[in-house]
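Colleague: Sharing a structure here in structure tokens format.
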Amino acid sequence: QLAWEAVELKNPVTYTVLYKKNDGEWKTLASDIPDCCYTVEHLPRGLVYSFRIACVSPAGVGPYSYPTPKVKIGEEDQAAFQAQEEENRMAAPPTHQTYAFQTEIKRGRFSIIKQCREKFSGNPLAAKIIPYQPEEKDTILQEYQILRKLHHTNIGQLQGAYVSPRHLVLIVELCVGPELLQALAGRSSYSEVQVRDYLWQILSAVEYLHNQDIVHLDLRSENMVIVEPNLLKLLDFGNARFYTPDQIITVDGCTDYVETMASELLS
1 QLAWEAVELK
11 NPVTYTVLYK
21 KNDGEWKTLA
31 SDIPDCCYTV
41 EHLPRGLVYS
51 FRIACVSPAG
61 VGPYSYPTPK
71 VKIGEEDQAA
81 FQAQEEENRM
91 AAPPTHQTYA
101 FQTEIKRGRF
111 SIIKQCREKF
121 SGNPLAAKII
131 PYQPEEKDTI
141 LQEYQILRKL
151 HHTNIGQLQG
161 AYVSPRHLVL
171 IVELCVGPEL
181 LQALAGRSSY
191 SEVQVRDYLW
201 QILSAVEYLH
211 NQDIVHLDLR
221 SENMVIVEPN
231 LLKLLDFGNA
241 RFYTPDQIIT
251 VDGCTDYVET
261 MASELLS
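Residue 1 is where the sequence shown starts when you use the UniProt record's numbering, and the numbers rise one by one after that.
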């Protein structure tokens, strides 16, 4: 059992645990740990280990702690060693070398969406590539902080992310299909029941977001994709914000699409 002192910050933080086998290289054992403790399991036995901790906040990864004293765990277990190697691969933070980038899907105001493939599994995914200036880093990372909290059938799921000195790359599930308005316009007719079903899916996603104290601020057809069979996915959280009752949220970046704005915001 590993335990450490909490880092006190205004924004929520998580922790990453690294381990070193004998005198080998440091490797990631676990990430996105919300608590100040972690139970170490499934490490190969009969080897000597050291551990160290890092705090991860919206500003980035903090300095690593000093290594723990070396400790020997049990007896050798080859099956456990193989299982740990696979677990290390899954827990290791992704980098640009994790994915093969392919064709461009869409180009937005502040980002580019490309299809990509995870090299290890071959799974097709989508990469949202967001350039930023150093002074914008905290703001840009907010989209990642929001997406990592979301798990809903009608919301595009975050699969991974990494940040470089000039770009944030969000890896999300690949949602192939027409935008909502195109899906409706492409039909010769559609029933009230079908429209009701799409509306129910939108409201289900929005209700879930509001229960998580998140507002999307950019609900429009272009950010809703219909995948088979008639499943709606809400995408693009670039304007989304965490909400608290005493907070005033400005909509300066959300006024480019007058036709989808609330009437009370129109001057």
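Positions of the beta carbon are idealized from the N, C-alpha and C atoms, including for glycine.
Computed from a prediction, not measured in an experiment: that's the story for all the values here.
Do Arg117 and Gln97 count as a contact pair if the criterion is CB distance below 9 Å?
Modeller: Looking up residue 97 in the sequence shown gives position 97. Looking up residue 117 in the sequence shown gives position 117. The Cβ atoms of Gln97 and Arg117 lie no closer than 9 Å to each other.
Colleague: Please state if the CB of Leu168 and the CB of Phe237 are separated by a distance shorter than 9 Å.
Modeller: Stepping through the sequence shown from its first residue, residue 237 is reached at position 237. Stepping through the sequence shown from its first residue, residue 168 is reached at position 168. Against a cut-off of 9 Å, the Cβ pair of Leu168 and Phe237 comes out as no contact.
Colleague: For Leu167, which three-state DSSP category applies?
Modeller: Locating residue 167 in the sequence shown gives position 167, counting from the first residue. Residue 167 is actually His in this sequence, not Leu. Looking at His167 - three-state DSSP - the assignment turns out to be strand.
Colleague: Return the residue from the list Ala127, Ser121, Gly122 that minimises the CA-CA distance to Lys114.
Modeller: Locating residue 114 in the sequence shown gives position 114, where the first residue counts as 1. When each option's Cα is compared against that of Lys114, the closest is Ala127.
Colleague: My understanding is that Thr16 touches Val71, with C-beta atoms under 8 Å, so please give their C-beta distance in whole angstroms.
Modeller: Numbered from its first residue, the sequence shown carries residue 16 at position 16. Numbered from its first residue, the sequence shown carries residue 71 at position 71. Contact between Thr16 and Val71 does not hold, since the beta-carbon distance rounds to 19 Å and is not under 8 Å.
Colleague: Around the Cβ of Glu143, are there at least 16 other Cβ atoms within 10 angstroms (buried) or fewer (exposed)?
Modeller: Residue 143 sits at position 143 when you count from the first residue of the sequence shown. Buried.
Colleague: Just how far apart, CA to CA, sit Ser31 and Ser191?
Modeller: By one-based count along the sequence shown, residue 31 stands at place 31. By one-based count along the sequence shown, residue 191 stands at place 191. For Ser31 and Ser191, the distance between alpha carbons rounds to 47 Å.
Colleague: So, for Ile249: in the same chain, excluding its five sequence neighbours on each side, which residues have a beta-carbon less than 6 Å away from its beta-carbon?
Modeller: Counting from 1 along the sequence shown, the entry for residue 249 is found at position 249. Here the set comprises Arg241.
Colleague: Measuring only between beta-carbons, confirm whether Gln115 sits less than 9 Å from chain D.
Modeller: The question asks about chain D, but that chain is absent: this structure has only one protein chain.
Colleague: To the nearest angstrom, how far is the alpha carbon of Pro44 from that of Asn22?
Modeller: Position 44 of the sequence shown, counted from the first residue, corresponds to residue 44. Position 22 of the sequence shown, counted from the first residue, corresponds to residue 22. Looking at the two C-alpha atoms, the distance is approximately 12 Å.
Colleague: In chain order, which beta strand (DSSP E) runs of at least 3 residues are fully inside the segment 2-33?
Modeller: 14-21, 26-33
Colleague: Return the first residue and the last residue of the beta strand (DSSP E) that Lys117 is part of.
Modeller: For this step, residue 117 is matched to residue 117 along the sequence shown. Note on identity: in this sequence residue 117 is Arg, with Lys being the wrong assignment. It spans 112-118 - the beta strand (DSSP E) in which Arg117 sits, taken as one unbroken run.
Colleague: Roughly how many whole angstroms lie between the Cα atoms of Tyr19 and Ala3?
Modeller: If you number the sequence shown from 1, residue 19 lands on position 19. If you number the sequence shown from 1, residue 3 lands on position 3. Each residue's Cα considered, the two are about 14 Å apart.
Colleague: Taking only runs that begin and end inside the segment 118-198, name each unbroken beta strand (DSSP E) of 3 or more residues, in chain order.
Modeller: 124-131, 158-163, 167-173
Colleague: Please state whether the Cβ-Cβ distance between Gln221 and Thr153 is less than 9 Å.
Modeller: Locating residue 221 in the sequence shown gives position 221, counting from the first residue. Locating residue 153 in the sequence shown gives position 153, counting from the first residue. A small fix is needed here, since residue 221 is Ser in this sequence, not Gln. Contact: no.
Colleague: Rounded to whole angstroms, what's the CA-CA distance from Leu174 to Pro245? Just pull it up for me.
Modeller: As a first step, residue 174 is located in the sequence shown; it is residue number 174 there, counting from the start. As a first step, residue 245 is located in the sequence shown; it is residue number 245 there, counting from the start. The alpha-carbon atoms of Leu174 and Pro245 are separated by roughly 34 Å.
Colleague: Going by other Cβ atoms of all chains shown within 10 Å of its Cβ, with 16 needed for buried, is Leu232 buried or exposed?
Modeller: Residue numbering aside, residue 232 sits at position 232 when the sequence shown is read from its first letter. Per the 10 Å Cβ criterion, buried.
Colleague: To the nearest angstrom, how far is it from the Cα of Val7 to the Cα of Val48?
Modeller: As a position in the sequence shown, residue 7 is number 7, starting the count at 1. As a position in the sequence shown, residue 48 is number 48, starting the count at 1. Going by the C-alpha atoms only, they are around 28 Å apart.
Colleague: Can you tell me whether Glu228 is helix, strand or coil according to DSSP?
Modeller: Translated into positions along the sequence shown, residue 228 becomes position 228. Of the three classes helix, strand and coil, the one that applies to Glu228 here is coil, per DSSP.
Colleague: Taking the CB atoms as reference points, tell me whether Leu209 and Tyr198 lie closer together than 9 Å.
Modeller: Reading the sequence shown from its first residue, position 209 is the one you call residue 209. Reading the sequence shown from its first residue, position 198 is the one you call residue 198. For Leu209 and Tyr198, no; Cβs fall outside 9 Å.
Colleague: Taking the DSSP output, what are the residues bridged to Ala54?
Modeller: Position 54 of the sequence shown, counted from the start, is the residue given in the question as residue 54. Answer is Thr16.
Colleague: Could you tell me if Leu158 is buried or exposed, where buried requires 16 or more neighbouring beta carbons within 10 angstroms of its beta carbon?
Modeller: Stepping through the sequence shown from its first residue, residue 158 is reached at position 158. Per the 10 Å Cβ criterion, buried.
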